[in-house]
Amino acid sequence: MAANSFIYTRRRITNIVALALSMVATLIGLVFLAWILWETLRQGIGALDLKLFTKITAYGEDGGLLNAMVGSLIVNLIGIAIATPIGVLAGTWLAEYASGTKLGESIRFLNDILLSAPSIVLGLFVYTIVVLPTTALTDGSTTFSGWAGGVALALIALPVIVRTSDEMLRLVPSTLREAALSLGIPQWKLTMQILIRAARSGIITGVLLALARISGETAPLLFTAFGNNYLTFNPSDKMSSLPQVIYQYANDPGDGMHAIAWAGAFVVTMFVLLLSLASRLVLSRNKVSHD
Amino acid sequence: MLTSTKYLSRIGTTAVFAAASLFGMSAHATDITGAGSSFVYPVLSKWSAGYAEKTGNKLNYQSVGSGAGVAQIKEGTIDFGATDAPVKAEDLAQYGLGQFPVVVGGIVPVVNIPGIEAGQIKLDGPTLADIFLGKITMWNDPKIAAMNAGVNLPAKKITVVHRSDGSGTSFNFTNYLSKVSNDWATKVKFGTAVEWPTGVGGKGNEGVSQYVKQIIGSIGYVEYAYAVKNKISWVNLKNAAGQVVAPSADAFAAAAATADWASAKDFNVIMTNASGAQAWPITATTWVVMYKKPKNAEHTKVAFEFFKWALENGQKDAASLDYVALPENLVQKIEAYWSTEYKH
Amino acid sequence: MQANVGAVASTLAQEARAHRDARHDRLFGWLLKGCALLVLACLLGAAGATLWGGRHAFGTFGWHFLVSSTWDPSSDTYGALVPVYGTIVTSLIALLIAVPVSFGIALYLSEVAPPWLRTPVSSAIELLAGIPSIIYGMWGLFIFAPFFADHIKPWLTNYLGDKPDDGKLSWVAAHVPFVGKLFGSDYPFGASILTAGIVLAVMIIPFISSVMREVFQTVPSRLKESAYALGSSTWEVSWDIVLPYTRSAVIGGIFLGLGRALGETMAVTFVLGNAMQLSASILDPGASIASTIANQFSEAAGLQKSTLMALAFLLFVVTFFVLLIARWMLRQLAHKEGR
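Chains as they are written, first to last, in the working numbering: chain D, 1 to 291; chain R, 292 to 635; chain V, 636 to 974.
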């Protein structure tokens with residue numbers, strides 16, 4: 001009896017300590033977030049005004065970030081639009097068609113390596129396969145472009161999306177597959193309409209993580225989208241991006257430029273926050289249960 | 292199913308056509324493109340904005356680093372490159388390129404010693420080199436004290452801060468050290484990046500400024516504007532003429548005026564350790580590199596108009612950013628160079 | 636008769652449909668496989684490009700490249716040891732911090748937190764992934780490195796290191812092997828390998844914790860409920876039921892974070908100190924592969940440029956071996972558990 005109650009007490013204490021530690025872990029994460037956001041806001045508050053959204057970077061300290069915001073939006077969109085279908089389909093193949101096969105295992109392994117490729121190297125790779133050929137084909141009238149930047153970002157987003165889709169699909173209970181197959185539903189329909197739908201929340205988390213990651217990338221854009229101090233909506237033109245401008249301004253001696261850089265960082269972060277909240281709202285409205 | 296496949300393929304073709312037509316639209320919104328040195332980025336941006344307002348011609352300059360700027364002009368992806376280290380004569384000849392300086396600026400040693408204000412410490416070239424070689428390790432070293440009678444030098448360890456990235460600032464700084472110290476010239480040599488005998492590396496001028504501000508007893512080197520804006524104490528230097536000078540626009544201009552431009556082909560002169568009595572010894576310039584027979588003659592024409600305008604009218608913008616415009620006699624030499632070397 | 640015709644017709648229709656389905660399945664399978672092969676092509680392309688770009692460096696330095704710690708641009712002699720070491724150690728520190736913290740966050744969000752708090756908190760944690768790495772760098776340089784130098788580093792060097800300010804070795808430094816060397820430093824400065832590891836940890840926490848939280852939610856509730864019904868505590872359910880059930884995906888999430896840590900450039904460059912010197916202390920500055928490339932690429936030419944590409948290729952190789960070792964360890968673990 002005494003031993004029993006001792007074990008019981010110990011288990012209870014373990015439980016309480018573990019759960020308390022989990023709360024501490026969450027607090028650690030939140031403290032760092034608050035710390036960083038607080039600093040971006042504190043240092044950038046002076047530059048957070050209408051000018052930031054209406055004027056372009058050509059005017060430096062007296063300008064804003066309009067062209068960089070437009071550029072970032074377009075280049076990120078191109079990147080995600082390329083990476084999402086390819087990544088989800090490749091992840092599906094790994095999870096549904098190739099589990100246990102040699103080829104599947106090696107692609108999964110190589111995908112993990114691609115995750116760690118330094119982004120500047122991927123940018124240089126895209127420079128070689130996109131920028132140099134377009135330069136040659138158009139005789140130098142189109143060189144760096146928003147398209148090339150988008151392709152470089154897609155290369156960074158791709159392995160993140162592949163990895164998450166693969167994992168999420170493999171967690172869909174096999175009963176779902178068996179039920180569908182026994183009803184005579186063809187595999188492609190099962191995959192597209194049942195499995196991907198069941199794993200949707202996880203796949204979207206993956207896409208969001210990928211988007212969050214590429215929206216902060218500087219190095220791969222330098223030799224692909226190049227940057228542009230003036231406003232353009234044409235992806236065949238050289239395009240600016242927020243991280244690139246932030247990087248440039250952060251290294252400038254002027255305090256005004258620093259403030260714009262921090263304000264730009266705050267804008268990028270808020271953009272990611274809005275996106276994440278919006279997609280979560282959409283998801284929770286039509287939630288699919290696994291049971 | 293069939294209809295949906297058809298529908299999909301139609302969307303596909305439309306997308307391809309849309310993409311093709313977008314690619315076909317050549318980019319005329321931005322007229323000229325340049326890339327390279329980060330040293331000139333602020334002043335080129337300011338000039339570009341002023342020029343665009345005046346003429347409507349836009350110049351898009353991005354700082355990707357001097358080395359990358361030269362590489363890109365060779366690949367033909369940009370209209371001009373800008374570099375802090377002059378391109379060698381044989382390279383210029385091989386690619387059919389020409390180069391000319393556009394603006395002058397100074398590099399200053401900066402220190403963080405409690406109680407020491409800007410300009411309070413004086414150093415000469417060999418002592419500065421010994422500090423960066425790690426031979427002088429304490430601030431109260433007799434060699435430093437000998438030059439600074441009356442200054443209260445603490446018995447504090449010296450921490451050297453250098454650039455971690457390859458840069459034109461390092462190129463000019465190490466070039467100066469190899470001109471004034473034999474040890475430096477044989478052991479470390481000069482370049483955009485070298486094997487630093489001691490110290491920590493900060494990324495960019497801003498990185499070095501921050502490191503110096505954070506480490507008590509440190510010494511680094513930054514472009515003049517960063518020392519001024521970050522309120523870090525700079526060091527006065529003894530120049531080639533034996534005078535102790537403080538960094539200033541006039542001292543940079545004096546160096547540019549007394550550099551030996553006349554005997555140099557393609558303006559291939561590194562201005563450090565200039566001979567003038569008032570010259571600041573670590574003065575630097577940036578060269579613009581362009582094709583003599585450009586692929587896109589129209590772009591190059593606009594580029595020349597821009598640089599002509601900037602050299603003749605850009606002094607005020609340059610001064611507001613702590614740069615110095617080129618002296619008049621040098622501008623005349625450059626314009627003469629254009630008319631003989633560039634046929635347009 | 637009539638019924639027969641009907642039956643034949645319907646079998647025919649069924650067969651036709653089966654055929655069509657089979658064809659579509661085949662096409663679909665090819666499409667998926669094509670996408671997967673594209674991923675393969677991307678990696679091989681990128682790795683091949685770096686190998687090609689680095690061929691001069693590999694040719695010039697040979698195997699010596701891997702074990703040399705020289706980095707001398709003015710005489711064009713390079714070795715990869717310092718950056719390779721820095722990359723591995725910073726990523727390892729990042730994982731050591733980030734994995735337990737992420738697990739705690741995921742546990743809190745899926746089991747402990749009141750439901751109304753879960754969405755906002757998990758969005759907030761994910762937000763850490765959306766902060767541009769240059770901002771981590773700026774924050775690290777302006778705020779965190781000075782903070783580290785003032786409040787954390789003195790404590791570590793005095794109580795754990797072999798070079799304390801007052802010269803008196805602490806008990807730990809004197810008696811536990813390696814610890815003194817690990818924490819000994821006389822750089823009066825916040826940028827170090829440990830600082831970079833901590834900043835990297837903060838950067839990869841959202842990746843690992845989001846994936847963990849997401850997969851924890853996929854555990855069928857009857858599994859958890861049965862355990863609860865047997866009297867298990869929340870912690871026991873999480874540790875003994877949820878974690879083993881989702882282990883493969885959890886490891887996938889960790890690899891996601893590891894990948895980012897190994898290849899991260901901007902943030903690390905600002906807080907690593909960028910010293911091309913080999914030091915046993917994690918409080919001394921160091922260099923990583925990605926930061927070396929980012930630092931030197933823009934001004935590099937000739938052999939130096941080739942060396943940087945060779946370094947990039949080495950990062951692929953390092954990642955390959957890190958993943959290989961991780962897999963081997965997992966297999967050992969599974970073996971031990973009798974699977």
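We treat Cβ as the ideally placed atom computed from N, Cα and C, and that holds for glycine.
This structure is a prediction, so every number in the text was calculated from the model and none was measured.
Assigned with DSSP and collapsed to three states, Q248 (chain D) falls in helix.
By the neighbour-count criterion, in which a residue is buried when 16 or more other Cβ atoms sit within 10 angstroms of its Cβ, A648 (chain V) is exposed.
Under the rule that a run must span 4 or more residues, the alpha helix (DSSP H) segments found entirely inside the region 352-387 of chain R read 357-366, 380-386. Burial is judged here by how many other beta carbons sit within 10 angstroms of a residue's own beta carbon; K556 (chain R) has fewer than 16 and is exposed.
If you draw a straight line from the Cα of Y515 (chain R) to the Cα of V394 (chain R), it comes to about 14 Å.
Bridge partners of L647 (chain V) according to DSSP: none are assigned. Among the residues of chain D, those whose CB is under 7 Å from the CB of D660 (chain V) are P186, Q187, W188, following chain order. In the three-state DSSP reduction, L231 (chain D) falls in the coil class, being neither helix nor strand. Beta-bridge partners of R454 (chain R) (DSSP): R:G493. By the Cβ test, the region 38-56 of chain D is not in contact with the region 780-788 of chain V, since fewer than three Cβ pairs between them sit closer than 8 Å. Put simply, the CB of N111 (chain D) is near chain V, with a gap under 8 Å to one of its CB atoms. DSSP, reduced to helix, strand and coil, places K520 (chain R) within a helical segment of the structure shown. Within the model, the alpha-carbon separation for L414 (chain R) versus I435 (chain R) is close to 7 Å. Residues of the region 329-359 of chain R with a Cβ closer than 9 Å to any Cβ of chain V, in chain order: S329, S354, V355, G356, S357, G358, A359. Per DSSP, the continuous alpha helix (DSSP H) segment holding V162 (chain D) begins and ends at 146-170. Distance from the CA of Y743 (chain V) to the CA of A961 (chain V), rounded to the nearest whole angstrom, comes to 26 Å.
A contact between stretches requires three or more CB pairs, one per stretch, nearer than 8 Å, and the region 529-543 of chain R meets this requirement with the region 565-578 of chain R. In the structure shown, S509 (chain R) falls within a strand segment according to DSSP collapsed to helix, strand and coil.
Within chain D, no residue has its beta carbon less than 8 Å from that of T725 (chain V); the closest one is some 13 Å off. Exclusion of the five residues before and after D801 (chain V) leaves N793 as the residues of its chain whose Cβ lies within less than 8 Å of its Cβ.
Taking every protein chain shown into account, the CB of W475 (chain R) has 16 or more other CB atoms within 10 angstroms, so this residue is buried. The DSSP assignment places 750-765, 768-774 as complete runs of the alpha helix (DSSP H) inside the region 742-785 of chain V, in order along the chain (cut-off: 4 residues). 8 Å or more divides the Cβ of S500 (chain R) from the Cβ of T483 (chain R).
Shortest Cα-Cα distance from Y713 (chain V) to any of V:R882, V:S703, V:F738 involves V:S703. Looking at the DSSP output, I323 (chain R) shares a beta bridge with R:L350. The beta carbon of F932 (chain V) sits closer than 7 Å to the beta carbons of L943 from its chain, once the five residues preceding and following it are set aside; these are given in chain order. Residue contact check for G254 (chain D) against chain V: no CB pair falls below 8 Å. Closest in alpha carbon position to K470 (chain R), among R:P445, R:N530, R:A359, R:A548, is R:N530.
Against chain R, a Cβ distance below 8 Å from L89 (chain D) picks out nothing, because the smallest value is about 14 Å.
Counting C-beta pairs closer than 8 Å gives three or more between the region 944-960 of chain V and the region 921-930 of chain V, which meets the contact rule. Note that the region 680-696 of chain V does not touch the region 206-220 of chain D; fewer than 3 beta-carbon pairs, one per stretch, sit closer than 8 Å.
Under the 10 Å beta carbon count, Q193 (chain D) is surrounded by fewer than 16 other beta carbons and is classified as exposed. Listed in chain order, the positions of the region 703-714 of chain V with a beta carbon within less than 7 Å of a beta carbon of chain R are W706, D707, P708, S709. Here DSSP, grouped into helix, strand and coil, assigns L444 (chain R) to coil. For Y720 (chain V), the secondary structure class from DSSP, reduced to helix, strand or coil, is helix. Less than 8 Å separates the beta-carbon of L938 (chain V) from that of A692 (chain V).
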